[in-house]
Amino acid sequence: MAESRFWEGFVIGGLVGVAAGLLFAPQSGAEARQTVARAGSQVKEAVGQAYKAAASEVAGAVGTLREAVTRGREVAVEVTSQLGEEMEERSEA
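Going left to right, the sequence shown walks through residues 773 to 865 as this note's numbering numbers them.
This is the structure:
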């Protein structure tokens with residue numbers, strides 16, 4: 773979660789920086805368009821990295837959840853089996 777917040781801040785900070793640079797830097801129209809294009813590429817790359825990081829976190833969480841569900845299922849089968857055996861023993865006695 774904290775890493776997700778980091779990337780959000782990173783992207784927003786980048787956008788604010790680009791906007792401030794465009795507003796305060798005297799440039800011709802062609803230069804401004806090139807600057808915007810470069811900034812757009814940088815933002816696109818940052819967003820792609822943030823997406824990959826988030827996807828990796830989600831994949832890890834899904835893997836952990838699957839392991840927990842599998843282990844829970846195994847425990848449930850063990851407990852059910854034990855309870856069944858105990859019930860049989862009590863009914864025979």
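Where a beta carbon is used, it is the ideal one built from N, C-alpha and C, also for glycine.
Contact check for Val815 and Val783: beta-carbon distance about 7 Å, within the 8 Å limit, so the pair qualifies.
Per DSSP, Ser828 is one residue of the alpha helix (DSSP H) stretching across Gly801 to Glu864. Separation of Ala848 and Gln854 (C-alpha to C-alpha, rounded to the nearest whole angstrom) is 10 Å. Counting only the Cα atoms, Val851 lies some 15 Å from Glu861. In terms of Cβ geometry, Trp779 and Ala831 do not form a close pair [threshold 8 Å].
In this structure, Ala811 is the residue among Pro798, Ala811, Glu857 and Ala802 with its C-alpha nearest to the C-alpha of Gly786.
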